[in-house]
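Enquirer: Top to bottom, those sequences are chains R and F.
Residue numbering for the first sequence follows this note's numbering, starting at 1 and increasing by one per position.
Residue numbering for the second sequence follows this note's numbering, starting at 1 and increasing by one per position.
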Amino acid sequence: MAEIEFKKVTKAFGSNKVIEDLDLTIQDGKFTVLVGASGCGKTTLLRMIAGIGPATSGQVLMDGKDITDLDPAKRDIAMVFQNYAIYPTMSVKENIEFGLKNRKVPKEEREKLIKEYAEVVGLSAYLDRKPGTLSGGQRQRIALARAMVKRPKVFLMDEPLSNLDAKLRVAMRTELIEMHNRMQTTFIYVTHDQVEAMAMADVIVLMDKGKIMQEASPEVIYRDPNNVYTAQFIGTPPMNVIALDDDKVGFRPEKIVLADRKLDNMPFAREGVVLTREMLGSETQYKVQMGADTIMVKTPNDSYKYEDKVVMNVAAEDLYFFDAAGERIRRGDVSNYDEYVRRVGG
Amino acid sequence: MSDVAMKQVFSQRRRRKYRNWLVSYAMVMPAIFFLILFTLYPMANLIQISLFRGSAANAYKSYIGLKNYEQLLFVRTDFWNSLKQTGIYTAVIVLLVLGLSVVFAVWMQDNRKLNSIAQTVFFTPHLVASISCAFIFQWLLSKESSGLFNTVLRAFGLPSWNWLGETSTAMGCIIFMNTWKSIGYYALIILSSLKSIPLEIYEAARLDSSTKMRTFWKITLPMLSPQLFMLLITITTGSFKVFDSVRIMTEGGPGNSTQMLCLYIYEYAFKRNNSLGMASAAGVLLMVVLLLITLLDFGSLEKKVHYQ
Ligand SMILES: Nc1ncnc2c1ncn2[C@@H]1O[C@H](COP(=O)(O)OP(=O)(O)OP(=O)(O)O)[C@@H](O)[C@H]1O
Ligand SMILES: [Mg+2]
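(1) Measure the alpha-carbon distance for P42/F versus I233/F and round it to whole angstroms.
(2) Under the DSSP definition of a beta bridge, which residues are partnered with K7/R?
(3) Can we count T43/R as close to ligand 1, meaning its CB is less than 8 angstroms from some heavy atom?
(4) Would you mind reading off the limits of the alpha helix (DSSP H) that contains A216/R?
(5) Nearest-angstrom Cα distance between V248/R and T230/R?
(6) Which residue comes first and which comes last in the alpha helix (DSSP H) that contains I136/F?
(7) When you compare only the Cα positions, how much space is there between P238/R and M279/R?
(8) Quick check: does the Cβ of V102/F come within less than 8 angstroms of any heavy atom belonging to ligand 2?
(9) Is the shortest distance between the beta-carbon of P88/R and the beta-carbons of chain F less than 9 angstroms?
(10) Is it right to say D333/R is buried, meaning 16 or more other beta carbons lie within 10 angstroms of its own, or is it exposed?
(11) Locate the alpha helix (DSSP H) running through Q194/R, then write down its first and last residues.
(12) Can you name the start and end residues of the beta strand (DSSP E) that M296/R belongs to?
(13) Could you pull the DSSP bridge partners for V288/R from this structure?
(14) Hey, how far is the Cα of Q27/R from the Cα of A2/R?
(15) May I ask you to list, following chain order, the residues of the stretch 101-123 of chain R that have a beta carbon less than 7 angstroms from some beta carbon of chain F?
(16) Give me the subset of the stretch 207-239 of chain F whose CB atoms are less than 8 angstroms from a CB atom of chain R, sorted by chain position.
(17) For the pair the stretch 277-290 of chain F and the stretch 163-182 of chain F, tell me if three or more CB-CB distances fall below 8 angstroms.
(18) Which first and last residues belong to the alpha helix (DSSP H) in which N150/F is found?
(19) From the DSSP secondary-structure annotation, give me the bridge partner or partners of K309/R.
(20) Against I52/R, what residues of chain F qualify as contacts under a CB-to-CB distance less than 8 angstroms, listed in chain order?
(21) Compare the C-beta of P198/F with all C-beta atoms of chain R and state if any pair is closer than 9 angstroms.
(22) Output, in chain order, the set of chain F residues within a Cβ distance shorter than 8 angstroms of F81/R.
(23) Does at least one heavy atom of ligand 1 sit under 8 angstroms from the Cβ of V97/F?
(24) So for F243/F, helix, strand or coil by DSSP?
(25) DSSP on N227/R, reduced to helix/strand/coil?
(26) List the residues that DSSP assigns as beta-bridge partners of T211/F.
(27) With hydrogens ignored, establish whether the beta-carbon of E159/R is closer than 8 angstroms to any heavy atom of ligand 2.
(28) Taking three-plus beta-carbon pairs below 8 angstroms as touching, is the stretch 45-53 of chain R in contact with the stretch 84-93 of chain R?
(29) Give me the DSSP bridge partner(s) of V35/R.
(30) Per the contact definition of three or more C-beta pairs closer than 8 angstroms, is the stretch 139-147 of chain F in contact with the stretch 51-64 of chain F?
(31) So, at 6 angstroms on beta carbons, what are the nonlocal neighbours of P269/R in its own chain, with the 5 sequence-adjacent residues on each side left out?
(32) Considering only the beta carbon of each residue, do F251/R and N240/R sit closer than 9 angstroms?
(33) Indicate the three-state DSSP secondary structure (helix, strand or coil) for N181/R in the structure shown.
(34) What would DSSP say about T167/F, mapped onto helix, strand or coil?
(35) Any chance the CB of M62/R is under 8 angstroms from a heavy atom of ligand 1?
(36) Mark I49/F as exposed unless 16 or more other C-beta atoms lie within 10 angstroms of its C-beta, in which case mark it buried.
And the structure:
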């Protein structure tokens, strides 16, 4: 059980400031998912928590205690590395056992733990094999077992499922969620897959270029994004964002109602021409040309064809306004919110 | 397909196979040629000469069968002495050079400025000809008061010492000089494989609460094992054949205390009368000993070596 807090943390490699003045609290016992594009600093953040890539300035606290410069061995933190970092000269069993031996866990208990966690990750049959003779996915699972067996206070995972096939990935995902429910410890999970983030997280922390764009539950991230970046990162296809004078307006593809005419009570109603049509099964995805913009639409309505004229209607509560810098404008932020809604109508 | 056509296909296939066979042998021919010319032929020659009594001028004076071997192994004691000295020398060199190379490599591992200087300093002796090194050390260790070691001793008010002329220190001096000379080279080889170990593995070990010592024994050393094994074999065989430094620094003395095998062979071959056969026999025995040691290394240690 542990809460992790970053206070004005900066991390620089030479003169390249990867993370600057970051403030973030990762709640105790929650399954927190760090998402963001490649190179945004996710691994760097995890390494600061683990104590293997210390912060350049600022403080990292664990349960209120400063751990900025604490020895990694004393942190009670386990980490699954992005590139596994398993010990190539040791067998699967020795890999899992190494940390236990170092912490002087008695032999019977070690055997029991190894057996238990080898089972969890499905490596029981491979305990005596060297990692070199295993597949990428199997190696990744060694790394998982090695971290799990420590039963740490904080569990860091850097894209631990990236090399598994789709079926195994879904199975391991469920396994991790169950494990989290069972252990009730703090999980910090890195991924750049937004679907995985939405599926697993209690809290999503969305990062871009070392800055936190939003930190909230998946529902809030989806329904109430703070900025254009968040709005467009989550959702497939991402939110449509178009210019509205000096500001921007956004709406999700699945909230658009297609019709032949403007519908009542829909402030947004604009005409376009169907460019492509993809049948997804229960839903159909259209790409619609609307003036200079192309708009993605996802709807159960499959009646439109290529080059058909359609009117896209969006309800007032499904419209998101952003200022020129991409920050969200909510009702209450401005006195003339209704003015924005009216302007959308054109 | 008709019978004739079938036959044609087969013969075509056979011809192609034959041509492949021919090309592949043509490719390895140069290597085989030089192997025969410079390795197998001299070896056969050596074995042949070892069965004769003769000198450098006339190697095949009289055939005496295995008499030379009998002399070396059962009659004379100097061969056994020589083998023993060489064995001791090799064992100490292997332990010292391998151990120190690893220590220096680990020490030079971090990318500090001092380390690139240290690398150059350690490596330089390797560039100097072994003969020159031997001469330099002969001077350093000279019993005259001009010798550096003795100058230092005198500065501390201690009596001078005849380093190369005393049985108790002569061997040590040769070992010291050869260690000094080769350490930089081997340390550099080990350093390069040290640097190829991914840093994340060490970070994982730190998270696994491993102490520095344990990380070294359980992770670093096993990761280095292929290089260490290769060096073990080359240093062993190399040290068994030590010659030039001994020839210059002590000439086998004092007494027989630094009479290494190659020096022994050299003396029997060129400095005594009618003992070329004996020298050849000693050469053959040296070959056999090296072969046995190498086989022993492979048999006992290769299982422990971790190949990627
Ligand atoms: N050791 C290092 N030296 C210099 N720059 C580094 C180092 N490690 C990371 N960086 C830089 O820091 C930035 C963030 O890297 P980081 O590994 O945290 O990204 P990430 O979010 O984990 O990306 P990915 O999803 O691709 O793993 C990158 O621009 C990277 O180039
Ligand atoms: Mg990363």
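From the three backbone atoms N, C-alpha and C, an ideal C-beta is built for every residue, glycine too.
Expert: Per the coordinate set shown:
(1) Each residue's alpha carbon lies about 23 angstroms from the other.
(2) Answer by DSSP bridge pairing, in chain order: Q59/R.
(3) Indeed, a heavy atom of ligand 1 lies less than 8 angstroms from the Cβ.
(4) Residue range K211 to A216 is occupied by the beta strand (DSSP E) that includes A216/R, with no alpha helix (DSSP H) assigned at that position.
(5) Correcting the residue type first, residue 248/R is Lys in the shown sequence and not Val. Each residue's Cα considered, the two are about 14 angstroms apart.
(6) Per DSSP, the continuous alpha helix (DSSP H) segment holding I136/F begins and ends at S130 to L140.
(7) Cα to Cα, P238/R sits roughly 18 angstroms from M279/R.
(8) Taking 8 angstroms as the cut-off, the C-beta of V102/F does not count as close to any heavy atom of ligand 2.
(9) Yes, its Cβ sits closer than 9 angstroms to a Cβ of chain F.
(10) If you draw a 10 Å sphere on the C-beta of D333/R, you find fewer than 16 other C-beta atoms in it, and that means exposed.
(11) Boundaries of the alpha helix (DSSP H) harbouring Q194/R: Q194 to M200, taken from the DSSP string.
(12) Following the DSSP letters along the chain, one finds M296/R inside the beta strand (DSSP E) bounded by residues D293 to T299.
(13) According to DSSP, which records beta bridges pairwise, V288/R is partnered with V274/R and I295/R.
(14) One alpha carbon belongs to Q27/R, the other to A2/R, and they sit about 8 angstroms apart.
(15) So the list reads N102 and R103, given in the order they occur along the chain.
(16) The residues in question are L207, D208, S209, S210, T211, R214, K218, I219, P222, M223 and S225.
(17) The answer is no - the stretch 163-182 of chain F does not touch the stretch 277-290 of chain F, with fewer than three Cβ pairs under 8 angstroms.
(18) First-last of the alpha helix (DSSP H) with N150/F: L148 to A155.
(19) Residue pairing by DSSP places K309/R opposite V273/R in a beta bridge.
(20) Against chain F, a Cβ distance below 8 angstroms from I52/R picks out E203, R206 and L207.
(21) At a cut-off of 9 angstroms between beta carbons, P198/F contacts chain R.
(22) Within chain F, the residues near F81/R are E200, E203 and A204.
(23) For V97/F, the CB stays at least 8 angstroms from every heavy atom of ligand 1.
(24) Shown here, F243/F sits in coil according to DSSP, grouped into three states, outside any helix or strand.
(25) Shown here, N227/R sits in a strand according to DSSP, grouped into three states.
(26) Looking at the DSSP output, T211/F shares a beta bridge with no other residue.
(27) Yes.
(28) With a cut-off of 8 angstroms, the stretch 84-93 of chain R and the stretch 45-53 of chain R do not count as touching, because too few Cβ pairs lie within range.
(29) T191/R and L206/R.
(30) Not touching, per the Cβ criterion.
(31) According to the sequence as given, residue 269/R is Ala; it is not Pro. Here the set comprises K262, V311 and N313.
(32) Yes, they are a contact pair.
(33) Helix.
(34) Helix.
(35) No, Cβ of M62/R sits at least 8 angstroms from all heavy atoms of ligand 1.
(36) That one is buried.
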